[in-house]
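Okay, structure first, notes after.
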Amino acid sequence: MIHTVHIEDIRLNAVVKTRLRENSTFVLIACESLSNAILSYGACVMFVILVIGKNFIDERSCFYANAIGIVAYGYSSLILPLIALDRLLALLFPLWHSRIAKIMSVGFSALSLSYGLIIVYLCSSAVLTSNSRRSKDGFQREFPTQARKWPKGNFESPAVVVGRTIFVGMPKP
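Yeah, the sequence shown ends on 245 if you go by the working numbering, and it's all consecutive.
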């Protein structure tokens, strides 16, 4: 995870510190690098929670911990096809593209960001309306039967979703 953030940082610095920032495509690539770095940082959240030993996480706190990463994922997943479309338009209509390239890059970025925000809105409507207390009780009832069914292996901390409560890791005996 950390090496991904470092690589995205190198790519972002290459665009910002050189003359590449004058080209709209490289600005979109820099925005995509930034969103991938944010996504990599967001993936570290559950790992940190696992390390500090908080084993029970309700869906509301899990959603809030990952909301920025979800927006970054939505942005980066839509910006790549839009960069390809930008390059196709630059090949087919070079004179027209050179005049409106900056407007298109701002429009593409706004479209990608709105896509990420729509994903978060749809996830929040599903996650934040549930009853956390009921799902935690269901988890405590179902966990002992689920734990007996786990195969014996060399893993120490499996992550399991039971009901609507997320269980991250198992405390070491």
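From the three backbone atoms N, C-alpha and C, an ideal C-beta is built for every residue, glycine too.
{"Item": "Alpha-carbon spacing of Gly141 relative to Phe98, whole angstroms", "Value": "22 Å"}
{"Item": "Three-state secondary structure assigned by DSSP to Lys89", "Value": "coil"}
{"Item": "Buried or exposed (CB count within 10 angstroms, at least 16 for buried), Ala144", "Value": "buried"}
{"Item": "Delimiting residues of the alpha helix (DSSP H) encompassing Phe135", "Value": "Glu131 to Leu164"}
{"Item": "Exposed unless 16 or more other CB atoms sit within 10 angstroms - verdict on Val120", "Value": "exposed"}
{"Item": "8 Å Cβ cutoff met for Leu154 and Leu183", "Value": "yes"}
{"Item": "Helix, strand or coil at Asn32 according to DSSP, with G and I counted as helix", "Value": "The first residue shown for the chain is 73 and the last is 245, placing residue 32 beyond what the model contains."}
{"Item": "Classification of Ile175 by the beta-carbon crowding that lies within 10 angstroms, buried from 16 upward", "Value": "exposed"}
{"Item": "Top-ranked residue by Cα proximity to Ile190, from His169, Ala139 and Pro166", "Value": "Ala139"}
{"Item": "Backbone CA spacing between Leu185 and Ile124 [nearest angstrom]", "Value": "32 Å"}
{"Item": "Distance between Ser96 and Phe165 (C-alpha atoms, nearest Å)", "Value": "15 Å"}
{"Item": "Spatially closest choice to Tyr193 from Gly146, Asp158, Ala173 and Ile172, by CA coordinates", "Value": "Gly146"}
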